Amino acid sequence: MNEMIPLASAAGMTVGLALAMLYSAYASQTLRGALKAVPSGQLESGQALGMKKSAIFFRLIMPQMWRHALPGLGNQWLVLLKDTALVSLTSVNDLMLQTKSIATRNQEPFTWYLVAAAIYCYSVRRCCAVLNHVPRVSSGGPDACWRIYLSY
Numbered sequence: 151m152n153e154m155i156p157l158a159s160a161a162g163m164t165v166g167l168a169l170a171m172l173y174s175a176y177a178s179q180t181l182r183g184a185l186k187a188v189p190s191g192q193l194e195s196g197q198a199l200g201m202k203k204s205a206i207f208f209r210l211i212m213p214q215m216w217r218h219a220l221p222g223l224g225n226q227w228l229v230l231l232k233d234t235a236l237v238s239l240t241s242v243n244d245l246m247l248q249t250k251s252i253a254t255r256n257q258e259p260f261t262w263y264l265v266a267a268a269i270y271c272y273s274v275r276r277c278c279a280v281l282n283h284v285p286r287v288s289s290g291g292p293d294a295c296w297r298i299y300l301s302y
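With our numbering, letter number 1 in the sequence shown gets 151, and the count goes up by one each step, no holes.
What follows is the structure, given as structure tokens:
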């Protein structure tokens, strides 16, 4: 059963943890930059209105921060998706390792690597479609996340 689930092995857990640590560092810097892009006057205006700190953050700061952070986070997601092709170097049972195995058995490497490339291209195109749709919908109010979910 562990062969069927790529992250169930020790190598898979290690690779998953390494990728999570690497890309969480990148994401934190993207979010930090987006937070700094929001003018400090927004915080002051919330305080002048007598709002709580949590309400200021969730209602004023965070929606503006997300508009700055979404392009960078989307790019990082696509890079992470493409980097998963390198996981096969650590003997984790992923798409590229399976492709190599099938190509070796059938003696048709071009065909099978072309299929793997098509799968990656399809995945990237779907992610790009979602990432292009998110900023348009996210500026639509509190129900925006449900509209994103229901539109796909």
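Don't be surprised by glycine CBs; every beta carbon is placed ideally from N, CA and C.
Given the structure is predicted, the values throughout are model-derived calculations rather than measurements.
Taking 8 Å as the upper bound for CB-CB distance, Leu228 and Cys277 are in contact here, some 6 Å apart. With a contact defined as Cβ atoms closer than 8 Å, Tyr263 and Thr254 miss out at about 11 Å. Look at Glu258 here: in three-state DSSP terms it is coil, with no helix or strand label. Across the set Met215, Leu172, Tyr173, the C-alpha of Met215 shows the shortest separation from the C-alpha of Leu193.
Ser178 and Leu247 have their C-alpha atoms roughly 31 Å apart.
Per DSSP, Arg182 is one residue of the alpha helix (DSSP H) stretching across 160-187. The shortest C-alpha to C-alpha distance from Arg217 to any of Met201, Ser159, Ile206, Gly183 is the one to Gly183. Leu169 places its beta carbon less than 8 Å from that of Asp233. No Cβ-Cβ contact shorter than 8 Å links Leu245 with Ile211.
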